[in-house]
Amino acid sequence: MTCIELPPNFQADLVIHIIDNEPSVRASCKFLIESLGFCAVSWESAVEFLAKVDIFMPAVVLSDLMLPIMSGQELQAHLNEKGSPIALIALTGNGEIDDAVAMLKKGAADYLQKPVSHQKLSAAIDRAQALTQERTKIYYIQKLYEQLTDKEKQVANELLQGNLNKIIADHLDISIRTVEVHRAQVMKKMQSQHVSELIQKLAMLESQSKLV
Amino acid sequence: MGSKVKRVLMPSKLKNSADFSQEKCSICRFLIKSVLITWLISMSAAAQTYYLGVLAPQGEVAAQKRWQPWLDRINQELNGDTIVMVPLALENWQEQIEADKFALVLGPQVQFIKMETKGWRWLATLESRKSAKAPSPMEQVASALWVAKDSPIQTLADIKGKHIAAVNQDAFGGYLLIAHLLYQHDIHTADYQTQFFGFPIENTLLALAEGQVEAAIAPICLMEEMGLQGRIKPRDFRLLHPVATASSCQSSTDIYPNWTLAATNKLPSTLLTQINQSLFNPNFDREPLPNWLPPESNRAAEQLLYDLNQHPRQQPMIQQLYDWIKGHRLWVGVMSLIVLISLINYGWMSWLALRRRRLLIAQNQLIRDYDEALNKSSHFAVMGEMSGAIAHEINQPLATIQNYAQGLLIRQQKAMANQPLDNDARLLSSALDEIINETQRASTIIQNIKGWVKGSSQASQSEVVVDLAEVYQRCILLLGNKAVGIRFCLANDIDAMRLLNLVLDQLLLNTLLNAAEQGASLILLRCQMVEDNGIKKLGIFVSDDAGGFLPDQLKTTTSGISKVISTKTKGLGLGLMICHRLCQALEGKLVLRNIAIDDELILSAPKYYQITANASIKAPRRHLPLSEENTLPKCNLGAQIAMYFPLTVIDNLPSTSSKKGQS
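From first to last, the protein sequence lines stand for chains A and B. Anchor point for the first sequence: position 92 equals 92 in this note's numbering, and the numbering is continuous, going up by one each time. To convert, count from 1 in the second sequence and add 1000; that's this note's numbering.
Below you can see the structure in the form of structure tokens.
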């Protein structure tokens, strides 16, 4: 299986962003996370975080839910809306099952309750890191896919179905030669060396229902 | 008489006869005859026939025999007038006399008590004669109670339970006198059985003789008369309760005034005078004719009728009432109709009042139950919010402590990774572990308390369909005095929602209470489908004209419970935080904002605000006329609590949408 590598500009160090309006909690949390060996940055509010951080880079956010102006839920909704690959771990002092379910449904990486044990926190951060990297890859592939023309997207979809050039030509009512030209463009734009790598990237998009 | 006149007139037709002297003679004869005939006619016109009604207890023949000789004698004394006797049976005697046919009436005095005798004149009372030769029951008024000679009945008291024969229940000189006698001895009519045999009066004694009855009531002297006639043997009978009287006959009672002759209105005064003279004429050859005395008083007889409750003036109440009603038929009818209508009206009103009372009691009970449920729910919500706030407040420092402790422990472990642990390092490590464990334990305790409160509050909650307008009305009612002076208006496209029981009530009550406490005079509730950040949602907006939220309050919208608790005096109330929490539980959100009332009124289009309730909470629904002075808001700046919910809470969404289209 071909491993999809992210380009250098996406391979930033995974930073753990801590958002909490209580300074003592914020500081202690940063202390603990750094003790666990992660790089941590703390923010007073979600608004400040959004203003200072590029949300299209892979990152893990450890956020309180009860925040001024923009709550943790609203931050998650905002990230979803923008298609950000950031993985958010909800950390709340007033844990409610309903809130947890709602947050996880909305795409949060995890839901933890204060005070949290470092083992749980460490495990959650590991999962969130994996998740944000996965989301970043999809985000990156999607950006590549969005460069394709409509015709190239059609050809890419046919390739994903495993169809040969001749069949694709029949389906799209174009010549085999034209199919070959489109196919070469797809391979180039999707930065794929082999068809299998292309299919893998397209399959990832399909799994996220982001294939048009 | 007519033929006589004709014959008298015939000579006038012979004017032209030959002989004048003959004619002259004829004229003389004619004049003489004319004068004679005129006198006869005038005489015959003055002579009248009057009728005398006579009671005939022993039948017509006996009455004729007894009274006709006397009447003939009277007639002789009169100047041309004739009195004709009419015997009357006791059964119809009263009716016939009251029919006003008679000029004279003759009967026992007591019988007249029961009649209408206004204008009558009492002429004379028959004298009782002591004549052992031929005693007659018609001459005296008294009664005798006879039993068989060998009867076990010895005293009046023995009569109880026995059968007694009597003539008629109205016969004075018979039944009534004996009934009165028994009554005086405390024996009432119900104590014995009376059989009425009717006329002739002899029937009673004959029935006793035949053994049909155990006792018989007979007029005085009847036994003696029948004995003389050989129809009965007096020695076979015994008199009960014999009393000494002036009569030669045996009697059980005193003798009452005898028969009386009375003149009615029909008898002219001149004739009355003539009859009076005849009755008391000392030259009258009396024997064997009856002798008359001046009329006697009938007081004793009246007293007797009173005692027996049979006096005409003792009419039963019901009879008097009947007579009165008969006399005032029209008024009684009108009054009865009015009373009837009043009664029906009263009945109807009572029924309505009863129904309304029941309805009010039921409604009152409903409101009380609802209030109780809402209070309970509210208490749980407050408890939940409090416990949540406490949990949050305590968890924050606990989290800080635990974070540092864990961080220190990790760092120590990393620092000492390649070195053997000395004693101090072990102690430090152990202390940090202890800190972590204790903070975790404290957190668990808080979570348990919170879980218990939440479990209790959710135990009885189920999802129901609620009508927004109804809930709004109920919440206004529950505001009580706080609702006075406030106009409540509603504009809604969405009527019904499917929510957890009492959630909408809590949301509305808390938001309305907030507006009322801020001094609002106008509260607007709007429920419409709106777009929030490009997503269609159900929006419920509670707006007021109380001047809007303070900037600090607006900031705290989503700042968390800690803010609420720490700045309670000037921040949001707990009620709004509960609303916030409830909205979150419904996957919705609560937003506070300041608005211009004018804009809000325009926003409600196409469904205009309608007044749901004003200060009196009884005003009918009507459109809110924006131009009317009394409905203008107190202040154009107002506060709005906006609640957004997913469309899934709308009950029966498709039909609601079509309704919206109609409106």
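We put the CB at the ideal spot given by N, CA and C, even for glycine.
- With 16 or more other Cβ atoms inside 10 Å of its own Cβ, B:Glu-1224 counts as buried.
- For B:Asn-1594, the enclosing beta strand (DSSP E) stretches over residues 1589-1596.
- With a threshold of 8 Å between beta carbons, A:Phe-38 makes no contact with chain B.
- Beta bridge pairing from DSSP links B:Ser-1350 with no other residue.
- Neighbourhood of B:Gln-1419 in chain A, by CB distance below 8 Å: empty, with the nearest CB roughly 18 Å away.
- Chain B places no beta carbon closer than 8 Å to that of A:Pro-85, leaving this residue out of the contacts.
- Spanning the alpha carbons of B:Ala-1056 and B:Val-1334 requires a straight line of approximately 47 Å.
- The residue from B:Val-1147, B:Ser-1143 and B:Val-1339 with its alpha-carbon nearest to that of B:Pro-1234 is B:Val-1147.
- Secondary structure of B:Gly-1388 (DSSP, three-state): helix.
- In the three-state scheme derived from DSSP, where H, G and I count as helix and E and B as strand, B:Tyr-1608 is classed as coil.
- Exclusion of the five residues before and after A:Lys-52 leaves Trp-43 as the residues of its chain whose Cβ lies within less than 8 Å of its Cβ.
- Residues of the stretch 1578-1591 of chain B with a Cβ closer than 8 Å to any Cβ of chain A, in chain order: Gln-1584, Ala-1585 and Glu-1587.
- With fewer than 16 neighbouring CB atoms inside 10 Å of its own CB, B:Arg-1029 falls in the exposed class.
- For B:Ala-1520, no alpha helix (DSSP H) run applies, since DSSP gives it neither H nor E.
- In terms of Cβ geometry, A:Glu-180 and A:Asn-157 do not form a close pair [threshold 8 Å].
- Within the stretch 1369-1395 of chain B, those residues whose Cβ lies closer than 7 Å to any Cβ of chain A are, in chain order, Gly-1388, Ala-1391, His-1392 and Asn-1395.
- With a cut-off of 8 Å on Cβ pairs, the stretch 1147-1158 of chain B is in contact with the stretch 1238-1252 of chain B, counting three or more such pairs.
- Following the DSSP letters along the chain, one finds A:Gly-72 inside the alpha helix (DSSP H) bounded by residues 72-82.
- Against chain B, the beta carbon of A:Asp-98 has neighbours under 7 Å at Ala-1585, listed in chain order.
- One thing to note: B:Ala-1142 has its Cβ no nearer than 8 Å to the Cβ of B:Ala-1207.
- B:Ala-1405 and B:Ile-1435 do touch by the CB rule: their CB atoms are close to 4 Å apart, below 8 Å.
- In this structure, B:Cys-1489 sits near B:Leu-1524, with a CB-CB distance shorter than 8 Å.
- By DSSP's assignment, B:His-1163 forms a beta bridge with B:Gln-1193.
- Per the DSSP secondary-structure output, B:Trp-1292 pairs in a beta bridge with B:Leu-1126.
- Within chain A, the residues Pro-115 have their CB atoms less than 7 Å from the CB of B:Ser-1443, given in chain order.
- Of all residues in the stretch 1398-1430 of chain B, the ones placed with a Cβ closer than 7 Å to any Cβ belonging to chain A are Leu-1398, Ala-1399, Thr-1400, Gln-1402, Asn-1403, Tyr-1404, Gln-1406, Gly-1407, Ile-1410 and Arg-1411, in chain order.
- The three-state reading of DSSP puts A:Val-116 in coil, since its state is none of H, G, I, E or B.
- For B:Gly-1575, the secondary structure class from DSSP, reduced to helix, strand or coil, is helix.
- Within its own chain, the residues whose Cβ lies closer than 6 Å to the Cβ of B:Leu-1177, once the five positions on either side in sequence are excluded, are Ser-1143 and Thr-1253, listed in chain order.
- Distance check between B:Ile-1446 and each of A:Gly-83, A:Ser-84, A:Ser-63 and A:Gly-93 places A:Gly-93 closest, using alpha-carbon atoms only.
- Unbroken beta strand (DSSP E) stretches of 3 residues or longer found wholly inside the stretch 126-161 of chain A: none.
- Contact of A:His-118 with chain B by beta-carbon distance below 7 Å involves Gln-1406 and Ile-1410.
- Here the alpha carbon of B:Leu-1205 sits roughly 23 Å from the alpha carbon of B:His-1185.
- Residues of chain A whose Cβ lies closer than 8 Å to the Cβ of B:Gln-1440 are, in chain order, Pro-115 and Ser-117.
- With a 10 Å radius around the Cβ and a threshold of 16 neighbouring Cβ atoms, A:Asp-170 comes out exposed.
- Nearest CB-CB separation between A:Glu-22 and chain B: below the 8 Å threshold.
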